[in-house]
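K.L.:
If you scroll down you'll find the structure; I have some questions about it.
Protein chains: 2
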Amino acid sequence: MLPRMPGTMSDIARDLKVSVVTVSKVLRNRGNISAATRARVLKRAKELNYQPNWIARSLVTRRTFTVGLLLPDFTHPFFAEVAKSIAETVRPHGYHVIISYFEEDSGIETKEAELLVARQVDGLIIASAQTSRTGFQRIRQGKIPLVLIDRQVPNVKAPFVGTDHRAIGRLATEHLIERGCRCIAHLRGPAIRIAADRLAGYRAALRAHRLSQSPQYVIPASYADSTGYEAMRKLLRVNPPPDGVFCYNDPVAIGAMKAIRDAGLSIPDDIAVVGAGNVHYSDVLAVPLTTVDQGAREIGHQAAQILIDQMEGSRKAGRDVLIPPKLVVRQSTSGRRTMQMPAFPSLHSVKDITAR
Amino acid sequence: MLPRMPGTMSDIARDLKVSVVTVSKVLRNRGNISAATRARVLKRAKELNYQPNWIARSLVTRRTFTVGLLLPDFTHPFFAEVAKSIAETVRPHGYHVIISYFEEDSGIETKEAELLVARQVDGLIIASAQTSRTGFQRIRQGKIPLVLIDRQVPNVKAPFVGTDHRAIGRLATEHLIERGCRCIAHLRGPAIRIAADRLAGYRAALRAHRLSQSPQYVIPASYADSTGYEAMRKLLRVNPPPDGVFCYNDPVAIGAMKAIRDAGLSIPDDIAVVGAGNVHYSDVLAVPLTTVDQGAREIGHQAAQILIDQMEGSRKAGRDVLIPPKLVVRQSTSGRRTMQMPAFPSLHSVKDITAR
DNA sequence: ATGAAAGCGCTAACAA
DNA sequence: TTGTTAGCGCTTTCAT
Numbered sequence: 014m015l016p017r018m019p020g021t022m023s024d025i026a027r028d029l030k031v032s033v034v035t036v037s038k039v040l041r042n043r044g045n046i047s048a049a050t051r052a053r054v055l056k057r058a059k060e061l062n063y064q065p066n067w068i069a070r071s072l073v074t075r076r077t078f079t080v081g082l083l084l085p086d087f088t089h090p091f092f093a094e095v096a097k098s099i100a101e102t103v104r105p106h107g108y109h110v111i112i113s114y115f116e117e118d119s120g121i122e123t124k125e126a127e128l129l130v131a132r133q134v135d136g137l138i139i140a141s142a143q144t145s146r147t148g149f150q151r152i153r154q155g156k157i158p159l160v161l162i163d164r165q166v167p168n169v170k171a172p173f174v175g176t177d178h179r180a181i182g183r184l185a186t187e188h189l190i191e192r193g194c195r196c197i198a199h200l201r202g203p204a205i206r207i208a209a210d211r212l213a214g215y216r217a218a219l220r221a222h223r224l225s226q227s228p229q230y231v232i233p234a235s236y237a238d239s240t241g242y243e244a245m246r247k248l249l250r251v252n253p254p255p256d257g258v259f260c261y262n263d264p265v266a267i268g269a270m271k272a273i274r275d276a277g278l279s280i281p282d283d284i285a286v287v288g289a290g291n292v293h294y295s296d297v298l299a300v301p302l303t304t305v306d307q308g309a310r311e312i313g314h315q316a317a318q319i320l321i322d323q324m325e326g327s328r329k330a331g332r333d334v335l336i337p338p339k340l341v342v343r344q345s346t347s348g349r350r351t352m353q354m355p356a357f358p359s360l361h362s363v364k365d366i367t368a369r
Numbered sequence: 014m015l016p017r018m019p020g021t022m023s024d025i026a027r028d029l030k031v032s033v034v035t036v037s038k039v040l041r042n043r044g045n046i047s048a049a050t051r052a053r054v055l056k057r058a059k060e061l062n063y064q065p066n067w068i069a070r071s072l073v074t075r076r077t078f079t080v081g082l083l084l085p086d087f088t089h090p091f092f093a094e095v096a097k098s099i100a101e102t103v104r105p106h107g108y109h110v111i112i113s114y115f116e117e118d119s120g121i122e123t124k125e126a127e128l129l130v131a132r133q134v135d136g137l138i139i140a141s142a143q144t145s146r147t148g149f150q151r152i153r154q155g156k157i158p159l160v161l162i163d164r165q166v167p168n169v170k171a172p173f174v175g176t177d178h179r180a181i182g183r184l185a186t187e188h189l190i191e192r193g194c195r196c197i198a199h200l201r202g203p204a205i206r207i208a209a210d211r212l213a214g215y216r217a218a219l220r221a222h223r224l225s226q227s228p229q230y231v232i233p234a235s236y237a238d239s240t241g242y243e244a245m246r247k248l249l250r251v252n253p254p255p256d257g258v259f260c261y262n263d264p265v266a267i268g269a270m271k272a273i274r275d276a277g278l279s280i281p282d283d284i285a286v287v288g289a290g291n292v293h294y295s296d297v298l299a300v301p302l303t304t305v306d307q308g309a310r311e312i313g314h315q316a317a318q319i320l321i322d323q324m325e326g327s328r329k330a331g332r333d334v335l336i337p338p339k340l341v342v343r344q345s346t347s348g349r350r351t352m353q354m355p356a357f358p359s360l361h362s363v364k365d366i367t368a369r
């Protein structure tokens with residue numbers, strides 16, 4: 014026989030010679046209970062250090078007050094921010110977050126999602142690696158509230174919250190234009206939707222400002238800084254060289270900056286550089302990097318809010334939400350002194366992520 | 014009346030005119046069941062897309078297969094790593110992680126811990142901000158398995174897994190000594206145990222190598238890079254100036270490096286610098302920073318392993334574990350070219366944390 | 001090999 | 001104001 018729980022409602026009821034229901038009502042502040050019994054119950058509960066058993070409660074109420082969060086990797090600063098923001102907005106409503114990750118393996122993702130459903134989470138937030146809706150069949154049929162973040166999945170009928178990547182491209186490029194750049198290049202990312210969108214934004218900005226759009230100014234890079242380094246080296250051989258570069262993401266930008274400085278050119282005087290992502294260290298680089306923030310906190314917050322609305326039944330049927338990105342200007346586009354160390358940059362960002 | 018669950022065991026039982034017990038046995042591979050009924054049950058289960066209800070199961074088995082993880086802030090790279098590592102070790106055993114944070118507020122911490130217990134987690138891992146055992150009373154009396162990580166709490170009887178901070182100080186300092194430094198300073202951290210330990214390690218190393226220990230070479234800093242900057246400026250006025258500095262953590266080291274370069278000195282030729290923590294961006298700085306890694310992954314892994322041992326009943330009564338830190342040598346102690354950009358550093362670290 | 005009975009700790013509906 | 005009855009979906013025990 015399994016050991017009994019310590020301090021249950023029936024313990025209190027027995028001791029006080031009242032019914033369990035009475036105890037339950039007192040503990041949840043429901044129904045009409047005389048002040049006298051109320052006090053007695055509360056007293057005994059405290060004596061026994063009573064802790065409600067959420068599992069038992071959940072079994073009957075059909076609510077676990079947990080939400081499942083499924084991410085490719087919650088170690089990534091972006092997703093970590095999102096996760097925290099979700100936990101934050103959901104906590105005041107009494108929910109906890111069960112977090113899981115799938116390392117970009119859509120098989121694991123589906124399995125984990127099903128597990129979370131089996132655990133009776135009240136809602137699910139997923140940054141999916143799925144490419145089609147098939148993986149979502151079983152989840153959807155259980156019709157538990159679902160919100161997709163960061164990556165859209167075709168044909169899945171669920172609200173989506175993510176960054177407006179086109180706006181990122183536009184914002185970055187327009188910033189370079191405003192700064193006076195006229196020959197603006199782009200180190201583009203890999204063959205995924207996000208990268209295509211950022212490229213499209215770059216093109217749209219050039220078009221809107223009637224600037225030339227030479228294909229030789231669009232060089233393929235990928236995720237990593239090394240690809241940015243190589244791409245930039247190619248770009249430097251183009252004639253005339255660009256006076257501004259928008260890079261797919263911050264690592265690529267970091268690589269690009271190294272290439273520029275290795276070539277003996279200065280940032281931003283010869284070439285201004287803009288990244289995208291605003292990973293935390295952008296601030297502490299040799300030349301702090303101007304970048305476009307993706308609004309991780311806002312994504313998490315909105316996603317959680319939409320999920321809550323669904324779970325609480327206020328079926329506002331939240332439509333998709335695109336979070337507008339924000340430009341973060343640093344010295345890679347605005348500084349004047351370049352080959353020496355910049356003045357002390359933000360004193361906050363480094364501390365924020367490291368104090369412990 | 015609340016809506017019924019879709020596809021329960023009794024549904025299958027009814028359809029097949031067998032008992033729920035039989036279904037249960039088949040689904041769990043327990044007891045003796047004829048191949049025939051077995052097949053029928055499995056078939057019907059698949060048709061109904063049966064998902065076991067873990068809540069119901071948990072109520073009777075008294076196991077939820079969840080572990081609670083309570084951190085000051087899971088956005089911090091160190092804790093994020095720890096969390097991931099825990100999730101990783103625990104997953105093959107069928108456990109999920111409910112993650113929560115408390116922003117260094119020990120009141121919230123206690124409340125959250127109790128909530129997690131109410132949710133019937135099978136075990137708890139906490140990086141506590143508690144300074145005494147009082148906050149743990151209720152948790153301990155429920156005697157649910159508990160493992161403390163990163164920060165020890167006096168008088169709490171629970172296994173602890175953390176970094177050997179004294180070893181960090183020793184390792185860093187000895188590295189500077191080996192490099193040839195003879196005048197080694199320390200920018201010490203705030204008035205907490207960890208900082209004191211690192212300082213002690215620094216002192217021990219100097220003593221062991223019979224190097225001078227002038228108090229003017231120990232300057233107080235704190236968590237943030239700005240404090241490192243100020244501390245280093247003070248240090249530069251000392252005569253003779255040091256030829257090596259061990260900094261409490263990486264941000265402090267980053268601040269220190271800025272001060273050194275602002276003073277027109279070179280790193281590491283004039284002054285070599287070592288940090289501690291190995292936050293991800295240490296690699297992409299103007300001068301990549303030599304630092305001491307705290308073994309976040311290992312901490313998470315060990316903690317999880319100990320917890321599992323406790324939960325599964327193999328009461329090995331895991332003793333405290335101190336993870337030995339690892340030195341990560343970069344150019345702030347080993348480079349030769351200094352005022353120009355270093356050769357392209359590690360191509361991995363940046364990508365690792367940013368590709369998405 | 002199968003099932004009937006009992007119960008996990010709690011809440012919902014209805015009675016008294 | 002209080003209590004009785006009846007489960008939630010599952011597992012355990014013990015008969016058959």
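For the protein sequence lines, the chains are F and R, in the order given. Each number in the working numbering comes from the position in the first sequence (counting from 1) with 13 added on. Each number in the working numbering comes from the position in the second sequence (counting from 1) with 13 added on. Heads up, the beta-carbon is just placed ideally off N, CA and C, and yes, glycines get one too. What you are looking at is a predicted structure, and each value in this text was computed from that prediction instead of being measured.
1. Can you tell me the Cα-Cα spacing of Ile46/F and Arg104/F, whole angstroms?
2. Taking 9 Å as the threshold (C-beta atoms), are Pro90/F and Val1/F in contact?
3. Between Leu83/R and Ala131/R, is the Cβ-Cβ spacing less than 9 Å?
4. Return the first residue and the last residue of the alpha helix (DSSP H) that Ile25/R is part of.
5. Roughly how far, in whole angstroms, is the beta-carbon of Val286/R from the beta-carbon of Ser345/R, given that I think they are within contact range, below 8 Å?
6. Shorter than 9 Å from the beta carbon of Asp177/F to some beta carbon of chain R?
7. Report the option in Lys97/F, Leu340/F, Glu117/F, Ser119/F whose CA atom is closest to the CA atom of Glu116/R.
8. Could you tell me which chain F residues have their CB closer than 7 Å to the CB of Pro281/R, listed as they occur along the chain?
9. Would you identify the three-state DSSP class for Tyr114/F, choosing helix, strand or coil?
10. With 7 Å as the limit, tell me which residues of the region 47 to 77 of chain F have their beta carbon closer than that to any beta carbon of chain R; keep them in chain order.
11. Verify whether the separation of the beta carbon atoms of Arg183/R and Tyr230/R is less than 9 Å.
12. Secondary structure at Leu61/R, three-state DSSP: helix, strand or coil?
13. Spatial neighbours of Asn62/F within its chain, please: CB distance less than 7 Å, with the 5 preceding and 5 following residues excluded, ordered by chain position.
14. By the 7 Å beta-carbon criterion, what residues does the region 223 to 248 of chain R contribute toward chain F?
15. Using a Cβ-Cβ distance cut-off of 9 Å, determine whether Met18/R contacts chain F.
16. Where does Lys384/F land, buried or exposed, given buried means 16+ other C-beta within 10 angstroms?
17. Taking only beta-carbon positions, decide if Tyr215/F is within less than 9 Å of chain R.
18. If you measure beta-carbon to beta-carbon, which residues of the region 108 to 119 of chain F are closer than 8 Å to chain R?
19. Could you say which of Pro337/R, Pro167/R, Asp333/R lies nearest to Val174/R if we only look at CA atoms?
20. Give the range of the beta strand (DSSP E) segment to which Gly175/F is assigned.
21. Leaving aside the five residues before and after Ile336/F along the sequence, list all residues of the same chain whose C-beta is less than 6 Å from its C-beta, in chain order.
22. Taking beta-carbon pairs under 8 Å, can you tell me which members of the region 117 to 137 of chain F lie near chain R?
23. What first and last residue would you give for the alpha helix (DSSP H) that runs through Ala285/R?
24. Could you name the residues of the same chain whose beta carbon sits closer than 8 Å to that of Ile267/R, not counting the 5 residues immediately before and after it, in chain order?
25. For chain R, find out if any of its Cβ atoms is closer than 9 Å to the Cβ of Phe357/F; answer yes or no.
26. Could you tell me how far apart the beta carbons of Ala234/R and Gly202/R are, in whole angstroms, since I believe they sit closer than 8 Å?
27. Helix, strand or coil for Pro153/R? Go by DSSP, reduced to three states.
28. Going straight from the alpha carbon of Ile366/F to that of Ser145/R, what length do you get?
29. Have a look at Thr50/R, Arg41/R, Gly44/R, Asn42/R and flag the residue whose alpha-carbon is nearest the alpha-carbon of Leu29/R.
30. Just how far apart, CA to CA, sit Thr35/R and Pro338/R?
31. Taking just the CA atoms, how far does His178/R sit from Pro281/R?
32. Using the beta-carbon of each residue, which ones in chain R are nearer than 9 Å to Ala100/F?
33. Using 9 Å as the threshold, is the C-beta distance between Ala198/F and Val251/F below it?
34. If we define contact as Cβ-Cβ less than 9 Å, is Thr79/F a contact residue for chain R?
35. Just checking Ala289/R against the ligand FAD - is the residue's beta carbon closer than 8 Å to any of the ligand's heavy atoms?
36. For Ile112/R and Ala52/F, I'd like the C-alpha separation in whole angstroms.
P.N.:
Quick look at the numbers:
1. 29 Å
2. The displayed coordinates of chain F run from 14 to 369. Any statement about residue 1/F would go beyond what the structure contains.
3. no
4. 22 to 29
5. 4 Å
6. no
7. Checked all of Lys97/F, Leu340/F, Glu117/F, Ser119/F; the closest Cα to Glu116/R is Lys97/F.
8. Here the premise fails: no neighbours, minimum Cβ distance about 16 Å.
9. The answer is strand: DSSP assigns Tyr114/F an E or B state.
10. Within the region 47 to 77 of chain F, the qualifying residues are Asn62, Gln64, Pro65, Asn66, Trp67, Ile68, Ala69, Ser71, Leu72, Arg75, Thr77.
11. no
12. Coil, per DSSP.
13. Closer than 7 Å at the Cβ level, and outside the excluded window around Asn62/F, lie Gly20.
14. Tyr236, Ala237, Asp238, Ser239, Tyr242
15. yes
16. Absent from the model: residue 384/F. The displayed extent of chain F is 14 to 369, so no value can be given.
17. no
18. For the region 108 to 119 of chain F, the beta-carbon criterion of a distance under 8 Å to any beta-carbon of chain R is satisfied by His109, Val110, Ile111, Ile112, Ser113, Tyr114.
19. Asp333/R
20. 173 to 176
21. Thr176, Gly308, Glu311, Ile312
22. Glu127, Leu128, Leu129, Val130, Ala131, Arg132, Gln133
23. Not the alpha helix (DSSP H): Ala285/R falls in the beta strand (DSSP E), residues 285 to 287.
24. Hits under 8 Å: Asp238, Gly241, Gly288, Leu298, Leu302.
25. Unreliable placement is indicated for Phe357/F, whose pLDDT of 43 sits below 50; the coordinate value is still reported in the next sentence. Chain R, which has a Cβ nearer than 9 Å to the Cβ of Phe357/F, makes this yes.
26. 7 Å
27. With the sequence shown as reference, residue 153/R is identified as Arg, and Pro is not the correct amino acid for it. In the structure shown, Arg153/R sits in a helix (DSSP, three-state: H, G or I).
28. Any reading at Ile366/F must be qualified, since the residue scores a pLDDT of 37, below 50, and its modelled position is unreliable; the value itself is stated next. Ile366/F and Ser145/R: Cα-Cα distance of roughly 26 Å.
29. Thr50/R
30. 54 Å
31. 24 Å
32. Phe87, Ile112, Ser113, Tyr114
33. yes
34. yes
35. Although the ligand FAD was asked about, the structure shown includes no ligands whatsoever.
36. 35 Å
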